[in-house]
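Enquirer:
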Amino acid sequence: MTLAGSRRFEVDERVHLLEVVEGSDVGQRHTIGPAGAVIGRKLPADIVLPDTEVSRAHCRLDLRGEDVWVTDLGSTNGAFVDGSRVGEPVILPVGAILQVGRQSLKHDCRTRSEWLRSDELDRDLETASSYVHALLPPPVVDGPIRAEWVLKPCAKLGGDAFGYGALPDGRFAAYLMDVAGHGAGAALHSVAVMNVLRQRALPGVDMGRPDQVLAVLNDMFPMDTHAGLFFTLWYGVFDPAARTLEFASAGHHPAFLIPADRSESVPLRTPNVMIGAVPGRTYKSETVAVPPEASVYLFSDGVFEIVTREGAQWSLQDFLPLLVKAPVQGMGECARLFDEVTRAARPGDLDDDFSMVVLTFS
5 MTLAGSRRFE VDERVHLLEV VEGSDVGQRH TIGPAGAVIG RKLPADIVLP
55 DTEVSRAHCR LDLRGEDVWV TDLGSTNGAF VDGSRVGEPV ILPVGAILQV
105 GRQSLKHDCR TRSEWLRSDE LDRDLETASS YVHALLPPPV VDGPIRAEWV
155 LKPCAKLGGD AFGYGALPDG RFAAYLMDVA GHGAGAALHS VAVMNVLRQR
205 ALPGVDMGRP DQVLAVLNDM FPMDTHAGLF FTLWYGVFDP AARTLEFASA
255 GHHPAFLIPA DRSESVPLRT PNVMIGAVPG RTYKSETVAV PPEASVYLFS
305 DGVFEIVTRE GAQWSLQDFL PLLVKAPVQG MGECARLFDE VTRAARPGDL
355 DDDFSMVVLT FS
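Heads up: the sequence shown runs through residues 5 to 366, numbered per the numbering used here.
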């Protein structure tokens, strides 16, 4: 945390802070005291943002009563509050985003004791997040099946999870799940399901049969006995001898098969109910041929359910054109698509977890 000024705060006094949510030093917090603060590129600014698009003295923050006011100091590129350029001095509401150059800062206000508790919780969540990531499979850069992934929770913990790997008979299984909700509860539920799938602890189930896997998971994790939690799931099994992919989805949007020439995106989805909602359901699977060097894209709905910088709500149809765009040399597909989505989305954290797996079959 960087203090704007050296004033000490009482434990129960309310403290205004700006947290960097986009740009350099994401997560850095800057305190605004009664003396206010100047944001600029270099000292003597109170809050220094080393960005060439930030002026030496860019804007000033003043604390007037319970409100923080923003005044532009004649900056070259302007200051923006929730996307609107600052002309005359304006109030920066709690929760609003202040954009300065390429930096986006979110205004928050809590008591000092609340911030201390929040920091402690953040440390605990960071530890839990590290555990979740330790369960994820490593990327595969060589071989007949290549795999890459990205997982960016919208909070410290999320309910998205995925896995992939070879089955004993030589087939290759992959899945991606999305637990309803966020935070520790959703993460714990996803870890429980991940461990069952990693250990192949489904009694009497052929892990190469997606319909069987979904049906047994549905019976093992009913929402009535799991704190009302349910999840969507896409599960697929590739047969390298036949070059076919058998797949089933449970309440999940399609995965997409993209041929090497990127001429189309083939949706892979079966109309099955989500996992945990309806006991005793039968699930159906389908099979598709996989051409050489084709890729399958699995992702959560947080990838496409965004609000753009212009305030428009995206749907899956808005995201699909990005799938067939040409790859960027030196950049993985997951990184390319994450970059495309975050550039389109409004500043700040995404509204939902961003998780994606891309499998390429030689």
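Heads up, the beta-carbon is just placed ideally off N, CA and C, and yes, glycines get one too. Everything numeric in this text was worked out from a predicted model, so none of it was measured.
Comparing C-alpha positions only, which one of E344, V307 and E297 sits nearest to P148?
Expert: Taking only the C-alpha atoms, the option nearest P148 is E297.
Enquirer: Which full runs of the beta strand (DSSP E) of 3+ residues lie inside the region 129-217, going along the chain?
Expert: DSSP runs (the beta strand (DSSP E)) wholly in the region 129-217: 149-156, 164-170 and 176-183.
Enquirer: Tell whether a beta-carbon distance below 7 Å holds between E344 and V362.
Expert: Going by C-beta atoms, E344 is not nearer than 7 Å to V362.
Enquirer: Let me know the alpha helix (DSSP H) ranges lying completely inside the region 27-78, each 4 residues or longer, listed in chain order.
Expert: Within the region 27-78, no complete alpha helix (DSSP H) run reaches 4 residues.
Enquirer: Suppose you measure from the CA of G105 to the CA of D55; what does that come to, to the nearest Å?
Expert: The alpha-carbon atoms of G105 and D55 are separated by roughly 7 Å.
Enquirer: Kindly list the residues whose CB is nearer than 8 Å to the CB of D223, restricted to its own chain and excluding five residues on each side of it in sequence; keep chain order.
Expert: Around D223: P283 and G284.
Enquirer: Is the separation between the beta-carbon of L171 and that of G208 shorter than 7 Å?
Expert: Contact flag unset, no.
Enquirer: Rounded to the nearest angstrom, what separates D4 and N199 at their Cα positions?
Expert: For the chain, the structure presents residues 5 to 366; residue 4 sits outside this window and is missing.
Enquirer: Give me the residue from N276, G306 and A190 with the minimum Cα distance to L155.
Expert: Of N276, G306 and A190, the residue nearest in Cα terms is G306.
Enquirer: To the nearest angstrom, how far is it from the Cα of D86 to the Cα of H20?
Expert: Taking the straight line from one Cα to the other gives about 18 Å.
Enquirer: Applying the criterion that 16 or more other CB atoms from any shown protein chain within 10 Å of the CB defines a buried residue, is T35 buried or exposed?
Expert: That one is buried.
Enquirer: Shorter than 7 Å from the beta carbon of T346 to some beta carbon of chain D?
Expert: This model lacks chain D altogether; it includes just one protein chain.
Enquirer: Tell me the DSSP bridge mates of K110?
Expert: Answer is E23 and I101.
Enquirer: Please classify T3: does DSSP put it in a helix, a strand, or coil?
Expert: Outside the shown range of the chain (5 to 366) lies residue 3, about which nothing can therefore be said.
Enquirer: So, does the region 262-275 touch the region 161-170, judging by three or more C-beta pairs under 8 Å?
Expert: Not touching, per the Cβ criterion.
Enquirer: Are P258 and L272 touching if we call contact CB-CB under 7 Å?
Expert: Yes.
Enquirer: Please confirm if the region 349-364 is in contact with the region 303-323, defined as three or more CB-CB distances below 8 Å between the two stretches.
Expert: Taking 8 Å as the limit for Cβ pairs, the verdict is that the region 303-323 does touch the region 349-364.
Enquirer: Among F234, T236, F235 and F251, which one has its Cα closest to the Cα of F242?
Expert: Selected option, being the one with the closest Cα: F251.
Enquirer: Can you list, in chain order, the residues of its chain whose CB lies under 8 Å from that of V195, leaving out five sequence neighbours each side?
Expert: The answer, listed in chain order, is Y135, V136, L139 and A165.
Enquirer: Please classify Q317: does DSSP put it in a helix, a strand, or coil?
Expert: Strand, per DSSP.
Enquirer: Measuring straight from C-alpha to C-alpha, what distance separates L102 and A330?
Expert: Going by the C-alpha atoms only, they are around 34 Å apart.
Enquirer: So, with DSSP's three-state summary, where would you put T346?
Expert: Of the three classes helix, strand and coil, the one that applies to T346 here is helix, per DSSP.
Enquirer: With respect to the beta strand (DSSP E) encompassing Y287, which residues constitute its N-terminal and C-terminal limits?
Expert: Segment: none, Y287 is in no beta strand (DSSP E) and carries neither H nor E.
Enquirer: What are the boundary residues of the beta strand (DSSP E) that L249 is part of?
Expert: Taken as a continuous stretch (DSSP letters only), the beta strand (DSSP E) holding L249 covers T248 to A254.
Enquirer: Does the beta-carbon of L47 have 16 or more other beta-carbons within 10 angstroms, so that it is buried, or is it exposed?
Expert: Exposed, since its Cβ has fewer than 16 Cβ neighbours within 10 Å.
Enquirer: Does DSSP put N222 in a helix, a strand or coil?
Expert: DSSP places N222 in helix when its eight states are reduced to three.
Enquirer: I'd like the list of long-range same chain contacts for D71, defined as Cβ closer than 7 Å, with 5 residues on each side in sequence excluded.
Expert: These residues qualify, in order along the chain: I95.
Enquirer: Would you decide whether D228 is buried or exposed? Buried here means 16 or more other CB atoms lie within 10 Å of its CB.
Expert: Label assigned to D228: exposed.
Enquirer: Reducing DSSP to helix, strand and coil, say where S359 ends up.
Expert: S359: strand per DSSP, three-state reduction.
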